[in-house]
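Engineer: First to last, the protein sequences are chains A and B. Counting in the working numbering, the first sequence runs from 473 upward without gaps. Counting in the working numbering, the second sequence runs from 14 upward without gaps. Positions of the beta carbon are idealized from the N, C-alpha and C atoms, including for glycine. Sharing a structure below in structure tokens format, with a few things to ask.
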Amino acid sequence: MRAISKPFAPDDPLTLVGVALPDSDGALEEMARTFVQEYLLQGWDERRLLALFRNPFYRAPHLVYRVCGEEYVRRLIAEVLAGWGQQPALQEGSDDA
Amino acid sequence: MPDVYNWHLGRPMTYRFAERHPRFQFAAVFNINRCIGCQTCTMACKSTWTFSRGQEYMWWNNVESKPYGGYPQFWDVRLLQLLERANPGGQTWDARKRDPVRAPYGTYQGKTVFEAAPAGAEALGYLPADEEWRAPNIYEDTSTSYATGPGTFHPTGEQLPEHHTWFFHLQRICNHCSYPACLAACPRNAIYKRPEDGIVLIDQKRCRGYKKCVEACPYKKPMFNMYTRVSEKCIGCYPRVEGREPLFPGAPVEPRCMVACVGKIRLQGLVRLNPDGSWAEDRQHPLYYLVRVARVALPLYPQFGTQPNVYYIPPRWVPRPYLRQMFGPGVDEAVETYMAPPRELLAVLQLFRSTQRIVFSYRIEEGPKVFETRINGRKWEMFNDTVIGLDRAGKEIVRLSVQEPVYTRPRQHLNSI
Chain A
473 MRAISKPFAP DDPLTLVGVA LPDSDGALEE MARTFVQEYL LQGWDERRLL
523 ALFRNPFYRA PHLVYRVCGE EYVRRLIAEV LAGWGQQPAL QEGSDDA
Chain B
14 MPDVYNWHLG RPMTYRFAER HPRFQFAAVF NINRCIGCQT CTMACKSTWT
64 FSRGQEYMWW NNVESKPYGG YPQFWDVRLL QLLERANPGG QTWDARKRDP
114 VRAPYGTYQG KTVFEAAPAG AEALGYLPAD EEWRAPNIYE DTSTSYATGP
164 GTFHPTGEQL PEHHTWFFHL QRICNHCSYP ACLAACPRNA IYKRPEDGIV
214 LIDQKRCRGY KKCVEACPYK KPMFNMYTRV SEKCIGCYPR VEGREPLFPG
264 APVEPRCMVA CVGKIRLQGL VRLNPDGSWA EDRQHPLYYL VRVARVALPL
314 YPQFGTQPNV YYIPPRWVPR PYLRQMFGPG VDEAVETYMA PPRELLAVLQ
364 LFRSTQRIVF SYRIEEGPKV FETRINGRKW EMFNDTVIGL DRAGKEIVRL
414 SVQEPVYTRP RQHLNSI
């Protein structure tokens, strides 16, 4: 037997589906920025931060990495680092990254 | 109907009864940023108050994973939709009309649940269907993308389901509102607000189970007991607040959900009110500081108009438009302040869940600077201050430092418990 799939109906009070959310650009930005800031507070550097986003076992940072791409993550890390008084050490496309 | 003043809205509004305020008001601050969704609060409440027949479905305290969950399901979306239909485009704020005391968040320009009430009703609301109460936190640990049917497994079972966007835990108890919709809607006048602490209770003898409170409360916190045929709700653990907890004879103690909190996200207290219902200036009261001075804690859906007394420090990883709808226009200031907390705020945040007894005031002993960095381009310093919580008589009941002490086990006890 195959489960029947129906589209989300906002006026159906009994439908057991989540609330529809706009899937717009930037929906994950605040969350991604928070990850970077929190790990910076722990003393992490840019190299470790990027590795965190690449690692599929860190599900939420990796979700950002998958959805937004590595370039986005690199840019975000550099941007937050700049605000925290550190300069990005890695260049885009660097073998070390 | 008389006009009452609602300082969350920054304007007068219509309400069934004329203004009359308690001497003290039960209030709390929940720091959403710290919540791990362990539901210890939920179980503490359940095992204390709602373990009897007819209460099986009741969770006076619940924690729902937003934006997926809701108890009852979609309660807030339904209310927002009802308000929008009654007053299209009306849920807006005029931030220019701000006043630090009378209108700290600006002025709400739309209709409240009282002002949008249909003819014959005291408040705009709806009665949730039985089914909507059945899943108190659906999608907490599963996600909307995990598509299976009964008796089937996920086609790629080696991969765990995951949420595809942000989420956070929203902790909910009765807000013991200053203008309760449940109280206004009761045709039997069975609901009352206690003059000594502002806790809202349902008189079980007077209640006839008309469910008008269940329908009117926008937060959906009164619940109908189909065995006793009367409605029930969170009682703010009033015996503890009154000082009748045997562990602390005579001392006001925080409710069970608050003291059980593992994540140390909750701080409850009693704030002193002026005769006009505004918070009396009490600079060294931790709740007064968080809500009125630092302004990091905000009411949940202030646009409903009930002036709720549980305040939230909003989660900073959530897109701002969602937060503005949920906590009003004070969100941006609150998040910015919380991200780079002032010296005093960092110390006061240590008081959360540090003692079972209610803290009535605090003082801070300054300590040395221990850390310095830049946050969003601005210099930020951390000091190892000591915060001291005091009881109603000004006696010390708790003492904590910003930097928690580290204890190193001696060599002979390294592997012992």
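Thinking residue 299 of chain B and residue 358 of chain B are a contact (beta carbons under 8 Å), I'd like their distance in whole angstroms, please.
Structural biologist: Here residue 299 of chain B is taken as the residue at index 286 of the second sequence, counted from 1. Here residue 358 of chain B is taken as the residue at index 345 of the second sequence, counted from 1. No, residue 299 of chain B and residue 358 of chain B are not in contact; Cβ-Cβ is about 10 Å, not under 8 Å.
Engineer: Under a Cβ-count criterion, where at least 16 other Cβ atoms within 10 Å of its own Cβ denotes burial, should residue 217 of chain B be classed as buried or exposed?
Structural biologist: Within the second sequence, the letter at position 204 stands for residue 217 of chain B. Flag for residue 217 of chain B reads exposed.
Engineer: Please report the distance separating the alpha-carbon of residue 34 of chain B from that of residue 191 of chain B.
Structural biologist: Here the question's residue 34 of chain B lines up with position 21 in the second sequence. Here the question's residue 191 of chain B lines up with position 178 in the second sequence. Near 8 Å, if we compare the C-alpha coordinates of residue 191 of chain B and residue 34 of chain B.
Engineer: Could you check whether the region 118–138 of chain B touches the region 96–107 of chain B, counting it as contact only if at least three pairs of C-beta atoms, one from each stretch, sit closer than 8 Å?
Structural biologist: At 8 Å Cβ cutoff, the stretches touch.
Engineer: Can you name the residues that DSSP bridges to residue 364 of chain B?
Structural biologist: One-based indexing of the second sequence puts residue 364 of chain B at position 351. Answer is none; residue 364 of chain B lacks a bridge partner.
Engineer: Are residue 134 of chain B and residue 229 of chain B close, meaning C-beta to C-beta below 9 Å?
Structural biologist: What you label residue 134 of chain B is simply residue 121 of the second sequence in a count that begins at 1. What you label residue 229 of chain B is simply residue 216 of the second sequence in a count that begins at 1. Contact: yes.
Engineer: With a CB to CB cut of under 7 Å and the five nearest residues on each side skipped, what residues in its chain are close to residue 78 of chain B?
Structural biologist: Locating residue 78 of chain B in the second sequence gives position 65, where the first residue counts as 1. Cβ neighbours of residue 78 of chain B beyond the five flanking positions: 50, 150, 152, 153, 180 and 182.
Engineer: Helix, strand or coil: how does DSSP classify residue 106 of chain B here?
Structural biologist: The sequence position of residue 106 of chain B within the second sequence is 93, counting from 1. DSSP places residue 106 of chain B in strand when its eight states are reduced to three.
Engineer: Verify whether the separation of the beta carbon atoms of residue 520 of chain A and residue 552 of chain A is less than 9 Å.
Structural biologist: In the first sequence, residue 520 of chain A corresponds to position 48, counting from 1. In the first sequence, residue 552 of chain A corresponds to position 80, counting from 1. No, these two residues do not count as a Cβ contact at 9 Å.
Engineer: Is residue 202 of chain B close to chain A, meaning its C-beta is less than 9 Å from at least one C-beta of that chain?
Structural biologist: Position 189 of the second sequence holds residue 202 of chain B. Not one chain A Cβ lies under 9 Å of residue 202 of chain B.
Engineer: Please determine if the region 320–339 of chain B and the region 391–402 of chain B are in contact, where contact requires at least 3 C-beta pairs separated by less than 8 Å.
Structural biologist: At 8 Å Cβ cutoff, the stretches do not touch.
Engineer: In this structure, what does DSSP give as the bridge partners for residue 77 of chain B?
Structural biologist: Here residue 77 of chain B refers to the residue found at position 64 of the second sequence. Paired residues: B:183.
Engineer: Please classify residue 238 of chain B as buried or exposed, where buried requires at least 16 neighbouring CB atoms within 10 angstroms.
Structural biologist: Indexing the second sequence from 1 puts residue 238 of chain B at position 225. By the neighbour-count rule (16 or more Cβ atoms within 10 Å), residue 238 of chain B is buried.
Engineer: According to DSSP, is residue 392 of chain B part of a helix, a strand, or is it coil?
Structural biologist: Here residue 392 of chain B refers to the residue found at position 379 of the second sequence. Residue 392 of chain B falls in the strand class under three-state DSSP.
Engineer: Within its chain, find whatever has a CB closer than 6 Å to the CB of residue 561 of chain A; leave out the 5 residues flanking it on each side and keep chain order.
Structural biologist: Stepping through the first sequence from its first residue, residue 561 of chain A is reached at position 89. Residue placement at residue 561 of chain A cannot be trusted, given a pLDDT of 48 that sits under 50; the coordinates are not used to answer.
Engineer: How about residue 290 of chain B and residue 366 of chain B: do their beta carbons lie closer than 9 Å?
Structural biologist: Within the second sequence, residue 290 of chain B is the residue found at index 277, counting from 1. Within the second sequence, residue 366 of chain B is the residue found at index 353, counting from 1. No, these two residues do not count as a Cβ contact at 9 Å.
Engineer: Return the bridge partner residues of residue 65 of chain B from the DSSP annotation.
Structural biologist: On the second sequence, residue 65 of chain B is found 52 positions in, with the first residue counted as 1. DSSP lists no partner for residue 65 of chain B.
Engineer: Distance, Cα to Cα, residue 555 of chain A vs residue 512 of chain A?
Structural biologist: Reading the first sequence from its first residue, position 83 is the one you call residue 555 of chain A. Reading the first sequence from its first residue, position 40 is the one you call residue 512 of chain A. Cα to Cα, the separation comes out at about 11 Å.
Engineer: For residue 48 of chain B, tell me which candidate among B:257, B:185 and B:38 has the shortest Cα-Cα distance.
Structural biologist: Translated into positions along the second sequence, residue 48 of chain B becomes position 35. Taking only the C-alpha atoms, the option nearest residue 48 of chain B is B:185.
Engineer: If you measure from the beta carbon of residue 518 of chain A to each beta carbon in chain B, is any gap under 9 Å?
Structural biologist: Translated into positions along the first sequence, residue 518 of chain A becomes position 46. Taking Cβ atoms only, chain B never reaches closer than 9 Å to residue 518 of chain A, which makes this a no.
Engineer: Can residue 129 of chain B and residue 99 of chain B be called in contact, C-beta distance under 9 Å?
Structural biologist: Counted from its first residue, the second sequence places residue 129 of chain B at position 116. Counted from its first residue, the second sequence places residue 99 of chain B at position 86. Result yes, Cβ atoms of residue 129 of chain B and residue 99 of chain B sit closer than 9 Å.
Engineer: I want to verify the contact list: residues of chain B whose CB lies under 7 Å from the CB of residue 553 of chain A, in sequence order.
Structural biologist: Taking the first residue of the first sequence as 1, we reach residue 553 of chain A at position 81. Under the 7 Å cutoff, chain B gives no residues; its nearest Cβ is about 10 Å from residue 553 of chain A.
Engineer: From residue 540 of chain A to residue 529 of chain A, what does the alpha carbon distance come to, in whole angstroms?
Structural biologist: As a position in the first sequence, residue 540 of chain A is number 68, starting the count at 1. As a position in the first sequence, residue 529 of chain A is number 57, starting the count at 1. Rounded to the nearest angstrom, the two C-alpha atoms are 17 Å apart.
Engineer: Kindly indicate which three-state DSSP category residue 46 of chain B falls into: helix, strand or coil?
Structural biologist: The count along the second sequence starts at 1 and reaches residue 46 of chain B at position 33. Residue state, collapsed to three classes: helix.
Engineer: What are the boundary residues of the beta strand (DSSP E) that includes residue 245 of chain B?
Structural biologist: For the purposes of this step, residue 245 of chain B is taken as residue 232 along the second sequence, with counting starting at 1. 243–245 is the span of the beta strand (DSSP E), which, as asked, contains residue 245 of chain B.
Engineer: Which class does residue 253 of chain B belong to by DSSP, given the choice of helix, strand or coil?
Structural biologist: On the second sequence, position 240 is the one that residue 253 of chain B refers to. It is helical.
Engineer: Could you check whether residue 245 of chain B and residue 68 of chain B sit closer than 9 Å to each other, using their CB atoms as the reference points?
Structural biologist: Working through the second sequence from its first residue, we reach residue 68 of chain B at position 55. Working through the second sequence from its first residue, we reach residue 245 of chain B at position 232. Cβ distance < 9 Å, so residue 68 of chain B and residue 245 of chain B count as in contact.
Engineer: How far does the alpha helix (DSSP H) with residue 509 of chain A in it extend, from its first residue to its last?
Structural biologist: Against the first sequence, residue 509 of chain A aligns to sequence position 37. Per DSSP, residue 509 of chain A belongs to the alpha helix (DSSP H) from 501–513.
Engineer: With distances taken between CB atoms, is the gap from residue 270 of chain B to residue 58 of chain B smaller than 9 Å?
Structural biologist: Locating residue 270 of chain B in the second sequence gives position 257, where the first residue counts as 1. Locating residue 58 of chain B in the second sequence gives position 45, where the first residue counts as 1. Yes, the pair counts as a contact, with Cβ atoms nearer than the cut-off.
Engineer: Mind checking if residue 352 of chain B is an interface residue toward chain A, Cβ cutoff 9 Å exclusive?
Structural biologist: Position 339 of the second sequence holds residue 352 of chain B. Closer than 9 Å: yes.
Engineer: Evaluate residue 258 of chain B with the Cβ neighbour count: other Cβ atoms within 10 Å of its Cβ, from every protein chain shown; 16 or more gives buried, anything less gives exposed.
Structural biologist: If you number the second sequence from 1, residue 258 of chain B lands on position 245. It is buried - the Cβ of residue 258 of chain B has at least 16 other Cβ atoms within 10 Å.
Engineer: Does DSSP put residue 18 of chain B in a helix, in a strand, or in coil?
Structural biologist: By one-based count along the second sequence, residue 18 of chain B stands at place 5. Residue 18 of chain B falls in the strand class under three-state DSSP.
Engineer: Assign residue 406 of chain B to buried or exposed, taking buried as 16 or more other Cβ atoms, counted over all protein chains shown, within 10 Å of its Cβ.
Structural biologist: Residue mapping note: residue 406 of chain B aligns to position 393 of the second sequence, counting from 1. So residue 406 of chain B counts as exposed.
Engineer: Give me the DSSP bridge partner(s) of residue 341 of chain B.
Structural biologist: As a first step, residue 341 of chain B must be located in the second sequence, where it is residue number 328. Beta-bridge pairing links residue 341 of chain B to no other residue.
Engineer: Chain A partners of residue 389 of chain B, CB-CB under 7 Å?
Structural biologist: The residue labelled residue 389 of chain B in the question sits at position 376 within the second sequence. Near residue 389 of chain B (Cβ distances below 7 Å), the residues of chain A are 555.
Engineer: Residues of chain B with CB under 8 Å from residue 499 of chain A, in chain order?
Structural biologist: As a position in the first sequence, residue 499 of chain A is number 27, starting the count at 1. The answer, in chain order, is 178, 179 and 332.
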